[in-house]
Amino acid sequence: MEMEKIHEGLDSGRCMICHFIENDESELLIKWAGRGEQIQQGLRNRESFCNHHFWRLKKVMSDNTVAALGVFLLEQFVYELDGSDAPLTEAWLRDYQDRRSFSGRIDCPVCGTLFEREREYINAAVDFLESAGNMPVYEKSRGLCMPHFIKVFLSIRDESQRQRLREIQKKHIDALVGELQEFIKKKDPSRKWERTGDEKVAHWRSLEKLVGRTGTKWR
Ligand SMILES: [Zn+2]
Ligand SMILES: [Zn+2]
Numbered sequence: 006m007e008m009e010k011i012h013e014g015l016d017s018g019r020c021m022i023c024h025f026i027e028n029d030e031s032e033l034l035i036k037w038a039g040r041g042e043q044i045q046q047g048l049r050n051r052e053s054f055c056n057h058h059f060w061r062l063k064k065v066m067s068d069n070t071v072a073a074l075g076v077f078l079l080e081q082f083v084y085e086l087d088g089s090d091a092p093l094t095e096a097w098l099r100d101y102q103d104r105r106s107f108s109g110r111i112d113c114p115v116c117g118t119l120f121e122r123e124r125e126y127i128n129a130a131v132d133f134l135e136s137a138g139n140m141p142v143y144e145k146s147r148g149l150c151m152p153h154f155i156k157v158f159l160s161i162r163d164e165s166q167r168q169r170l171r172e173i174q175k176k177h178i179d180a181l182v183g184e185l186q187e188f189i190k191k192k193d194p195s196r197k198w199e200r201t202g203d204e205k206v207a208h209w210r211s212l213e214k215l216v217g218r219t220g221t222k223w224r
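Residue numbers (the numbering used here): 6 to 224.
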């Protein structure tokens, strides 16, 4: 990965891996949103989006496209409910989920691509941190979220570098806790303007630090 992109990630003010994946996700969804017919075709071929990406897709599609997709999908429901002699049992539900993959399986095309990208970004972060002189540069950023920190930490080979990364993680979290305390202290309208740029967004940064961006998986 280009150094320029790494630095852009470090300057994003959040976990750089979450930042990269969020950008990729938006791009992928916009691409999919422009392919209403292909989505219908994909669904006919029993590919589908997970629950998370169905909802994200709605944000980048026009209302009319969402409505057209809704008609298409719901008509399939009517067809199956109408035409099937089989009773609606647990097995039917399982079969239904398998085919529609509302269950968030990896065969969601967006999840599948993002999973591969995440691997690439983790490797790029490891390469960057293992190169001489880069730890202090990383230390100046806001650091990684906990899920990405653990994944990167486990891939770093040198024990002393691992320990350094661990100390930096603790330092980043300490700083964030301080910013959250300031955020709370300055909650009254008369003092809100005193919040610094970092403090203003400390609340959502704390959620991302804990669990990673929305959709991040621990495994
Ligand atoms: Zn992250
Ligand atoms: Zn998905």
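Glycine included, every Cβ here is placed at the ideal spot set by N, Cα and C.
If you're wondering where the values come from, they're calculated on a predicted model, not measured in any experiment.
- Proximity to Q174 across G117, T219, C20 peaks at C20, based on C-alpha coordinates.
- DSSP, reduced to helix, strand and coil, places T70 within a helical segment of the structure shown.
- Residues of the same chain with a CB within less than 8 Å of the CB of N28, apart from the 5 flanking positions on each side, do not exist.
- Not one heavy atom of ligand 2 is found less than 6 Å from the C-beta of V65.
- Here the alpha carbons of K145 and R196 stand approximately 28 Å from one another.
- Distance from the C-beta of I22 to the nearest heavy atom of ligand 1 is below 6 Å.
- Nearest to D163 by C-alpha distance, out of E9, E135, E7, W37, is E135.
- In the three-state reduction of the DSSP assignment, D29 falls in the helix class.
- Your pair E123 and I22 checks out as a contact, with CB atoms roughly 7 Å apart and the cut at 8 Å.
- A heavy atom of ligand 1 is found nearer than 6 Å to the CB of G217.
- An exposed status is given to K64, since fewer than 16 other beta-carbon atoms sit within 10 Å of its beta-carbon.
- Nearest neighbour of R167 by Cα position, chosen from D132, T70, D193, M66, turns out to be D132.
- Looking at the backbone, the Cα of I178 and that of I155 are separated by about 14 Å.
- By the C-beta density criterion, R171 is exposed, having fewer than 16 other C-beta atoms within 10 angstroms.
- The set of residues with any CB-heavy atom separation to ligand 2 below 6 Å comprises, in chain order, F54, C55, H57, H58, C113, V115, C116.
- Taking a contact as a CB-CB distance under 8 Å, the pair K214 and M151 counts as one, their CB atoms being some 6 Å apart.
- Between ligand 1 and H208, a heavy atom-to-CB distance of less than 6 Å is absent.
- For L15, the CB contacts under 8 Å within the same chain, skipping 5 residues up- and downstream, are M21, V142, Y143, K145, S146 in chain order.
- At least one heavy atom of ligand 1 lies closer than 6 Å to the C-beta of H153.
- In the structure shown, A129 adopts helical secondary structure according to DSSP, grouped into three states.
- When the Cα atoms are used, E187 and V71 turn out to be separated by approximately 42 Å.
- Within the same chain, Cβ atoms closer than 6 Å to the Cβ of E204 are found at E184, E187, F188, the five residues on either side in sequence being excluded.
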